[in-house]
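Structure, as structure tokens:
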Amino acid sequence: MYGNAYIDPNEKANAMTAGEDPIKLAEFEARIARGEKIEPKDWMPKEYRKQLVRMIEQHAHSEIIGALPEGTWITRAPGFKRKMALMAKVQDEVGHAQLLYSAAETLGKSREDMTNDLITGKSKYSNVFNYPAFTWADACIIAWLIDAGAIINQVANAKGSYGPYCRALDRICTEESFHLKYGHDNVVTLATGTPIQRQMVQEALTRWWPPIMHFFGPSDKISQHTEILMRWKVKMASNDDMRQQFLNMYVPKIWDLGLTVPDPNLKLNEETKKWDYTEPDWDEFKRVINGGGPCNAERLAVRRMAEERGRWVRKALYNASEKYVTPLA
Amino acid sequence: MIKSLDPRVTREQIEENNLIDPLTPMDNWETYEVFHQKKRGDQHMHVGIVHAPNPEMALLFGKEQYGRRSITANIWVVKTANVFASEYDDADMFETTPEKQYREAGGYKVMEKINKYKKAQKV
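Order-wise, the sequence lines are chains W and D.
Okay, so the first sequence: first residue is 396 according to our numbering, each after it adds one.
Okay, so the second sequence: first residue is 331 according to our numbering, each after it adds one.
Pasting the structure below:
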């Protein structure tokens, strides 16, 4: 699963490279242009480091928090096989957070600082996880469509320029392919089942459609700022392009099942070959991301509880003679 | 109290504003680099890191993190602090003469010489 990293289009572009050594900057950009990866100890612009830490950290937080709405249904998953599969998926998501925290750590921010910024609300995570999974069908829609969106995002970012992040994403994408199939299988089971099952999955789709459209973030105006981030291969595709790719791949699959997408304006525009849709409610998006969603308080309270109750165990194992060293890769 | 759709969360009776002290450095311990061998006979490959308080737990976390999904024959863990690495800035030390035919198998054309010799013998 994945949390989008939103880039402020109003940030000044020239501030991004201010004070950098022009020769080192040129060498750095040439390396990326040649398709080579940047490794942790390489020289990099301050802004490159800052944006990557923010992005990878938010991604890690999203994996951890994303396990919570799905975990809701572990105790009540219908049947032993689905329970096993859901537990495995949730465990994978938490494992993905570990991989991502490690990648961010190579850039110099400690895992303790990242956790502190999450539990105090300073760092964000993907907005979709501030919504509840009301029914089993919600958990199925998350596993299918949110993971589908995540894979589109992650496959794009895996071609980015920062070595440790790419390596983590390659591993994550391999593991996610089972999540997607598992989610699709569950949705198909409900959609081809009894009238009550069909109704349940339709209602879940209707509930989740707005968060899914929010998932890729607001339209990013092409600013100099985003242009630099794209040249540095920090950002690999515009939010709108990724949203289009998602619609292209998944709307036909949803329609195949005879389900209704709750947007009367959704259609493939034959001229532009792009999808027309009703503009998502970005005020709602901002309200939720800033703490006003139905589950924000619960998610962070649960995370703080886990942190606090595990503290004595970690302290008991702590060895004062050990020193922290930034991981290699 | 948090009232959640997840019965396990509700049972925990969590206060909504359960503010906690921030984590301090080394709360998550030091790191170990993990090397994973897929099957006997393969090389061990570096796959990433784990945070752990001692080597035994590093192996345990390494197994869970990197052996959970794929076939695994064996893993190694090495404290990050104990790894000595070359610098990318010194990559020019790996540069050698561009012409290295003398250390390639294809640089030695013995058959040509043998055939020439055999031909000379027949005459």
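All C-beta atoms, glycine included, are put in the ideal place defined by N, C-alpha and C.
Remember, predicted model here, so these are calculated numbers, not experimental data.
| Query | Result |
| --- | --- |
| Own chain, CB closer than 6 Å to W/Ala724, minus 5 neighbours either side, in chain order | Pro559 |
| Option in W/Glu693, W/Asn581 and W/Asn664 with minimal Cα separation from D/Ser334 | W/Glu693 |
| Own chain residues within Cβ distance below 8 Å of D/Ile444, not counting five before or after | none |
| Residue interval of the alpha helix (DSSP H) (run including D/Tyr396) | Pro385 to Tyr396 |
| Span separating the alpha-carbon of D/Thr354 from that of W/Met631 | 35 Å |
| Where D/Glu360 sits in the DSSP three-state scheme | strand |
| Chain B contacts made by the stretch 429-455 of chain W, where a contact means CB separation under 7 Å | The chain labelled as chain B is not found among the protein chains of the depicted structure, namely W and D. |
| CB contact flag (W/Ala553, W/Cys568, <8 Å) | yes |
| Chain W residues whose Cβ lies nearer than 7 Å to that of D/His381 | Arg506 |
| W/Gly653 (DSSP reduced to helix, strand or coil) | coil |
| Contact check, W/Glu424 vs W/Arg698, beta carbons under 8 Å | no |
| Cβ neighbours of W/Asp533 in the same chain (closer than 6 Å, five flanking residues each side left out) | Ala599 |
| Cβ separation of W/Ser521 and W/Asp512, assumed to be a contact under 8 Å, to the nearest whole Å | With 8 Å as the limit, W/Ser521 and W/Asp512 do not qualify as a contact, their Cβ atoms being about 15 Å apart. |
| Among W/Thr584, W/Lys484, W/Thr501 and W/Glu507, the one whose alpha carbon lies nearest that of W/Ala538 | W/Lys484 |
| CB contact below 8 Å: W/Ala528 versus chain D | yes |
| Rounded straight-line distance, which links the Cα of W/His454 to that of W/Glu488 | 11 Å |
| Beta-carbon contacts of W/Ala633 that lie in its chain and below 6 Å, excluding the five residues immediately before and after | Residue identity differs from the one stated: residue 633 of chain W is Ser in this sequence, not Ala. Correct list, in chain order: Asp615. |
| W/Leu564 to W/Arg471 span [Cα, whole Å] | 31 Å |
| First through last residue of the alpha helix (DSSP H) which encompasses W/Lys681 | Trp677 to Arg682 |
| Assigned exposure category for W/Gly356 - 16 Cβ within 10 Å defines buried | Because chain W in this structure spans residues 396 to 724, residue 356 of chain W falls outside the shown range and cannot be described. |
| Residues bridged to D/Gly378 [DSSP beta-bridge criterion] | D/Val364 |
| Minimum Cβ-Cβ distance from W/Gly490 to chain D less than 8 Å | yes |
| Test item: CB-CB of D/His366 and D/Ile332 under 8 Å | no |
| Helix, strand or coil at W/Asn714 according to DSSP, with G and I counted as helix | coil |
| W/Gly398 classed as buried or exposed, judged by whether at least 16 other C-beta atoms fall within 10 angstroms | Because W/Gly398 carries a pLDDT of 49, less than 50, the predicted location of this residue cannot be relied on, and the following value inherits that uncertainty. That one is buried. |
| Stretch-stretch touch, CB-based, cutoff 8 Å, three pairs: the stretch 487-502 of chain W with the stretch 711-720 of chain W | no |
| Proximal residues to W/Pro404 (C-beta, below 8 Å), its chain only, five neighbours per side dropped | In this prediction, W/Pro404 scores a pLDDT of 49, lower than 50, which makes its location untrustworthy; the coordinate-derived value is nonetheless stated afterwards. Answer for W/Pro404: Asp615, Lys616, Ser618, His620 and Thr621, listed in chain order. |
| Below-8 Å beta-carbon distance, D/Ile350 vs any chain W residue | yes |
| Straight-line Cα distance separating W/Arg602 from W/Pro464 | 14 Å |
| Minimum Cβ-Cβ distance from D/Arg341 to chain W less than 8 Å | no |
| Same chain only: Cβ atoms within 7 Å of W/Lys478, ignoring 5 sequence neighbours per side | Ile469 and Ala472 |
| Neighbouring residues, chain D, relative to W/Ser572 (Cβ below 9 Å) | Result: empty, since nearest Cβ-Cβ is about 11 Å, beyond 9 Å. |
| For D/Leu349, three-class secondary structure by DSSP | coil |
| For W/Ile469, the first and last residue of its enclosing alpha helix (DSSP H) | Unbroken run through W/Ile469: none, as it is neither H nor E. |
| Beta-bridge partners of W/Trp670, as assigned by DSSP | W/Leu663 |
| Residue from W/Thr510, W/Phe529, W/Gly688 and W/Ile541 whose Cα sits closest to the Cα of D/Asp357 | W/Thr510 |
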